[in-house]
Ligand SMILES: [Zn+2]
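Numbering (our numbering), first residue to last: 2 to 234.
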């Protein structure tokens, strides 16, 4: 119990998006727009289905990709770029960057960045450290590369109890999430699981996206990429 509380307290200090332990990072935009962001992919069978939805609905998104996953699925990155989605840095192997020595930290950022640049011809401008874990060294490494650290204001929760195969389950999940999304929100969802090639139990977040889009649109929200959201501030 004490141990559990200790880990929770440590998370609040070091990893929570609004932690005050380090200089502030971006967690929120403003205006009547929402940025949907997807972490940990791309994942075959998950990201391609998600992209089909985003393309059909004309919803731009921001993907914080894991370098090792991007190397496995370069075609999915090209498809994101072709549709106007932003492709940003979520490290190379999805580790706690705040635990690394400088050489390993630099390699995590540079390998992911080089992968994104080789596939898309464009360098990442944002870094989202895995788990939100950051410290002065991580923030400094991002700054030296001209990358802004972007976290999130609202995150999709865990899978609902039981099966997630029924349409009403996806709709209920999306509506619960939509109720927590406010103006200028940066919404964290997943289209992968730490870049491992199988989204496992996180795939349901991508499956709920059609319902999330319609829930947010029905109340007048529009969708933008992170850079569009931050340009409006
Ligand atoms: Zn992640």
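The C-beta atom is built at its ideal place from N, Cα and C for all residues, glycine as well.
### Message
Just to confirm before moving on: does the CB-CB distance between residue 185 and residue 31 stay below 8 Å?
### Response
The Cβ-Cβ distance between residue 185 and residue 31 falls below 8 Å.
### Task
Give me the Cα-Cα distance between residue 49 and residue 197, rounded to the nearest whole angstrom.
Residue 197 has its alpha-carbon roughly 16 Å from the corresponding atom of residue 49.
### Query
Smallest Cα separation from residue 137: which of 114, 150, 232 and 77?
That would be 150, whose Cα lies nearest to the Cα of residue 137.
### Task
Would you check if the distance between the CB atom of residue 142 and the CB atom of residue 110 is smaller than 8 Å?
Cβ atoms of residue 142 and residue 110: closer than 8 Å.
#### Entry: Per DSSP, cross-strand counterpart(s) of residue 206
None, per the DSSP bridge assignment.
### Query
How about residue 189 and residue 233: are their beta carbons less than 8 Å apart?
Not closer than 8 Å, so no.
### Message
With a threshold of 7 Å (Cβ to nearest heavy atom), would residue 211 be considered close to ligand 1?
### Response
No, Cβ of residue 211 sits at least 7 Å from all heavy atoms of ligand 1.
### Query
Is the beta carbon of residue 51 sitting closer than 8 Å to the one on residue 207?
Result yes, Cβ atoms of residue 51 and residue 207 sit closer than 8 Å.
### Query
For residue 40, which three-state DSSP category applies?
Residue state, collapsed to three classes: strand.
### Cross-strand partners of residue 87 (DSSP beta bridge)
Residue pairing by DSSP puts residue 87 in a beta bridge opposite 63.
### Message
DSSP three-state label for residue 224, please.
### Response
Strand.
### Query
I think residue 58 touches residue 226, with their Cβ atoms under 8 Å apart; what is that distance to the nearest whole Å?
Between residue 58 and residue 226 a beta carbon distance of about 14 Å is seen, past the 8 Å cut, so the two are scored as non-contacting.
### Query
Which residues mark the beginning and the end of the alpha helix (DSSP H) in which residue 139 is found?
Unbroken alpha helix (DSSP H) run through residue 139: 137-145.
### Message
Using only CA atoms, which one of 10, 224, 201 and 216 lies nearest to residue 45?
### Response
The shortest Cα separation from residue 45 among 10, 224, 201 and 216 belongs to 201.
### Message
I want to check one thing, is the minimum distance from the CB of residue 195 to the heavy atoms of ligand 1 below 7 Å?
### Response
Yes.
### Query
Hey, quick one: how far does the beta strand (DSSP E) through residue 55 stretch, first residue to last?
That residue, residue 55, is in no beta strand (DSSP E); its alpha helix (DSSP H) goes 48-58.
### Query
What is the C-beta distance between residue 70 and residue 42, in whole angstroms, given that I count them as a contact (C-beta under 8 Å)?
Rounded to the nearest angstrom, the Cβ distance from residue 70 to residue 42 is 6 Å, consistent with a contact under 8 Å.
#### Entry: Residue range of the beta strand (DSSP E) that includes residue 106
Counting along the chain, residue 106 falls outside any beta strand (DSSP E), though it belongs to the alpha helix (DSSP H) covering 103-121.
### Message
Quick check: the Cα distance between residue 181 and residue 27, rounded to an integer number of angstroms?
### Response
Cα atoms of residue 181 and residue 27: separation of roughly 18 Å, rounded to the nearest angstrom.
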